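Chemist:
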Amino acid sequence: MEKLERCPITDSPLSPALTCKDHTVTGDDFTVMANAEGTVLTTNPRPESDELGTYYESDEYISHTDSNKGVLDGVYQVVRNYSLRKKRALLEQHLSKGSILDIGCGTGDFLLEMKSNSWAVSGMEPNDEARKKAESKIGTKLHTNPALTDLPSGSFDAITMWHVLEHVPDPTVTTNRIFELLKPGGVAVIAVPNFKSKDAQIYGSLWAAYDVPRHLFHFSQAGMIGLFTGRGFNHVKNHPMVFDSYYVSLLSEKYKSGRRRWIPAFVNGLRSNLSARNSGEWSSIIYIFQKPK
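Residue numbers for the sequence shown follow the working numbering, beginning at 215 and rising by one.
1. For E262, count neighbouring C-beta atoms within 10 Å of its own C-beta (all shown protein chains included) and say buried if the count is 16 or more, exposed if not.
2. Can you say whether M215 is buried or exposed, counting buried as having 16 or more other CB atoms within 10 angstroms of its CB?
3. Check whether the Cβ atoms of G483 and S498 lie closer than 8 angstroms to each other.
4. Can you find at least 3 beta carbon pairs, one from the segment 465 to 483 and one from the segment 381 to 400, that sit closer than 8 angstroms?
5. From the DSSP output, in three-state form, read off M375 for me.
6. In chain order, which continuous runs of the alpha helix (DSSP H) of length 4 or greater are located wholly inside the segment 466 to 504?
7. Can you tell me whether DSSP reads G342 as helix, strand or coil?
8. Just to confirm my understanding: we take I416, look at its own chain, exclude 5 residues before and 5 after, and list those with CB closer than 6 angstroms. What are they?
9. For L430, which residues of its own chain have a beta-carbon under 8 angstroms away from its beta-carbon, when the five flanking residues on both sides are left out?
10. May I ask which residues mark the beginning and end of the beta strand (DSSP E) holding V406?
11. Could you tell me the alpha carbon to alpha carbon distance between D316 and V335, rounded to whole angstroms?
12. Evaluate N448 with the Cβ neighbour count: other Cβ atoms within 10 Å of its Cβ, from every protein chain shown; 16 or more gives buried, anything less gives exposed.
13. Out of A436, K410, Y424 and T240, which one is the CA nearest neighbour of T233?
14. Give the straight-line distance between the Cα atoms of E349 and P227, rounded to the nearest whole angstrom.
15. For W421, which residues in the same chain have their Cβ closer than 6 angstroms to its Cβ, ignoring the five residues on either side in sequence?
16. At the level of alpha carbons, what is the spacing between Q203 and L395?
17. Determine contact between the segment 434 to 441 and the segment 238 to 256, defined as no fewer than three beta-carbon pairs at a distance below 8 angstroms.
18. Which runs of the beta strand (DSSP E) spanning at least 3 residues fall entirely within the segment 234 to 263, listed in chain order?
19. Taking the beta strand (DSSP E) that I317 belongs to, which residues open and close that run?
20. Given L305, which residues of its chain have a CB within under 7 angstroms of its CB, disregarding the five upstream and five downstream residues?
21. Would you grab the beta carbon distance between E339 and C319 for me? Rounded to a whole angstrom, and I think it's under 8 angstroms.
22. Using beta-carbon positions only, say whether G169 and H308 come within less than 8 angstroms of one another.
23. Tell me V335's beta-bridge partners as DSSP assigns them.
24. Would you identify the three-state DSSP class for K451, choosing helix, strand or coil?
25. Distance, Cα to Cα, G399 vs A231?
26. Leaving out five residues before and five after F370 in sequence, what residues of the same chain have Cβ atoms less than 7 angstroms from its Cβ?
27. Would you say P427 and Y270 are within 8 angstroms of each other, going by their C-beta atoms?
28. Closest to S459 by CA distance: which of G353, R445 and L488 is it?
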C-alpha cells in the first residue's frame, strides 16, 4: 500500500475523515482522508499502481461490461443509452463537431454515439476486455497508455472523462496532459461524484460513490474547479447528472442492508435531487472547462 502524507492536489496536510469498506471485491476497510481545505478527499493508504487491477476483478464492475443479466444491469443499460444522447447534446452546446478523445472509454458506447454523429473519435481504455469490445464497436484501435504520451499536443477539440478522474493516481498530471492535448478553445468535459451531495450525507461511509479503493479521489465542486482552473482552464458551466442519485442510493441500500431496497433508494435519490435544486450539490456533476483560445 502507498501512504500519502499530503494532498497531491492542494499540497495540504491530510486528516482522517471516514472509514469505508470495499463492498465489491475484498471486503477490506479503507481510510478516506480530507485535505486541510475540506475540498478533496483521498483514499489513503491506497493500493500501489501494480495492485489496482485486482480491485476491478468483479462481474459487478459494470462499466467494463455490457451485462444485461439482472434487473439493475438492465436499468443501468436503459439509463445509459438515454444518457449517451444527452451527453452528446450537452457537448454540442459548446462545440460544433470535431475531434474527441474519451479517456477511460470502457466498452465504447459513448464513442459509438459520437462517431455515429460525425465526430472523429479516439479513446483510451487500459482494461483489455473492455477495450476489445470498444474496438469492435467503433472499428478502430484505441490507446492503452493512461499517460497518453503517444499523442501530439493540440490534437483534440474535446476530451471527456465520464466517472474516470476519481480513479487516476494523480489528477494534477492528468489535468495537465488534458490541457496539452486540447486545441486552443477546446473543452474538457469531466463527470465525477460529489461528496457534498445530500445522498452522500444520508449514507455516510456507506455511500456507494466512495467505491474504495477504486476511487482514489473524491471531489467537491470547489475541489474540481480549483484543480482545473489552477492548471490554466476556464470554468464554463456545471450540469447535473440527475439519475446518479437513484443508482448510487440503490447500491448504498445494498451495502446497508444486504439487499437492493428500491423504495428507500428512490426516496433518498429524490431527496438528494430536490435538495440539489436549491444547493447545486447534485450526486454527480458534469463540469465544462475550456482551454483559452
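Don't be surprised by glycine CBs; every beta carbon is placed ideally from N, CA and C. What you are looking at is a predicted structure, and each value in this text was computed from that prediction instead of being measured.
Modeler: Quick look at the numbers:
1. Taking the sequence shown and counting its residues from 1, the one referred to as residue 262 is at position 48. Of the residues assessed, E262 falls on the exposed side of the cut-off, its CB having fewer than 16 other CB atoms within 10 angstroms.
2. Looking up residue 215 in the sequence shown gives position 1. Exposure of M215 is indicated by the presence of fewer than 16 other C-beta atoms within 10 angstroms of its C-beta.
3. By one-based count along the sequence shown, residue 483 stands at place 269. By one-based count along the sequence shown, residue 498 stands at place 284. Contact flag unset, no.
4. Cβ pair count under 8 angstroms is below three, so no.
5. For the purposes of this step, residue 375 is taken as residue 161 along the sequence shown, with counting starting at 1. Here M375 sits in strand by DSSP.
6. As far as the segment 466 to 504 is concerned, its whole alpha helix (DSSP H) runs of at least 4 residues are 476 to 493.
7. Counted from its first residue, the sequence shown places residue 342 at position 128. First, the amino acid is wrong: residue 342 is Asp here, not Gly. In this structure, D342 counts as helix in the three-state DSSP scheme.
8. Looking up residue 416 in the sequence shown gives position 202. Excluding positions up to five away in sequence, the list reads N482.
9. For this step, residue 430 is matched to residue 216 along the sequence shown. Scanning its chain for C-beta atoms nearer than 8 angstroms, with the 5 sequence neighbours on each side dropped, one finds around L430 the residues T256, T257, R260, E380, H381, V382 and P383, in chain order.
10. For the purposes of this step, residue 406 is identified with residue 192 of the sequence shown, where counting begins at 1. Unbroken beta strand (DSSP E) run through V406: L396 to P407.
11. Reading the sequence shown from its first residue, position 102 is the one you call residue 316. Reading the sequence shown from its first residue, position 121 is the one you call residue 335. Cα-Cα distance, rounded: 8 angstroms.
12. For the purposes of this step, residue 448 is identified with residue 234 of the sequence shown, where counting begins at 1. Counting Cβ neighbours within 10 Å, N448 comes out exposed, since fewer than 16 surround it.
13. Indexing the sequence shown from 1 puts residue 233 at position 19. Measuring from the Cα of T233, the nearest candidate turns out to be Y424.
14. For the purposes of this step, residue 349 is taken as the residue at position 135 of the sequence shown. For the purposes of this step, residue 227 is taken as the residue at position 13 of the sequence shown. Whole-angstrom Cα-Cα distance: 42 angstroms.
15. By one-based count along the sequence shown, residue 421 stands at place 207. The residues A414 and S466, in chain order, have a CB closer than 6 angstroms to that of W421 in the same chain once the five nearest residues on each side in sequence are set aside.
16. No information on residue 203 is available, as it lies outside the stretch 215 to 507 that the chain covers here.
17. Verdict: yes, contact present.
18. Listed in chain order, the complete beta strand (DSSP E) runs (minimum 3 residues) inside the segment 234 to 263 are 243 to 249 and 254 to 257.
19. In the sequence shown, residue 317 corresponds to position 103, counting from 1. From DSSP, the beta strand (DSSP E) with I317 extends over S313 to I317.
20. The residue labelled residue 305 in the question sits at position 91 within the sequence shown. So the list reads A372 and V403, once near-sequence residues are dropped.
21. Here residue 339 refers to the residue found at position 125 of the sequence shown. Here residue 319 refers to the residue found at position 105 of the sequence shown. Yes, E339 and C319 are in contact; Cβ-Cβ is about 5 angstroms, under 8 angstroms.
22. The first residue shown for the chain is 215 and the last is 507, placing residue 169 beyond what the model contains.
23. On the sequence shown, position 121 is the one that residue 335 refers to. Per DSSP, the beta bridge partners of V335 are I314.
24. Numbered from 1 along the sequence shown, position 237 holds the residue referred to as residue 451. Looking at K451 - three-state DSSP - the assignment turns out to be strand.
25. For the purposes of this step, residue 399 is taken as the residue at position 185 of the sequence shown. For the purposes of this step, residue 231 is taken as the residue at position 17 of the sequence shown. The alpha-carbon separation between G399 and A231 amounts to approximately 38 angstroms.
26. Counted from its first residue, the sequence shown places residue 370 at position 156. Once the five neighbours on either side are set aside, the close Cβ partners of F370 are S313, I314, L315, L395, L396, K397 and G400.
27. For the purposes of this step, residue 427 is identified with residue 213 of the sequence shown, where counting begins at 1. For the purposes of this step, residue 270 is identified with residue 56 of the sequence shown, where counting begins at 1. No, these two residues do not count as a Cβ contact at 8 angstroms.
28. The residue you call residue 459 lines up with position 245 of the sequence shown. When C-alpha distances from S459 are compared across G353, R445 and L488, the shortest belongs to L488.
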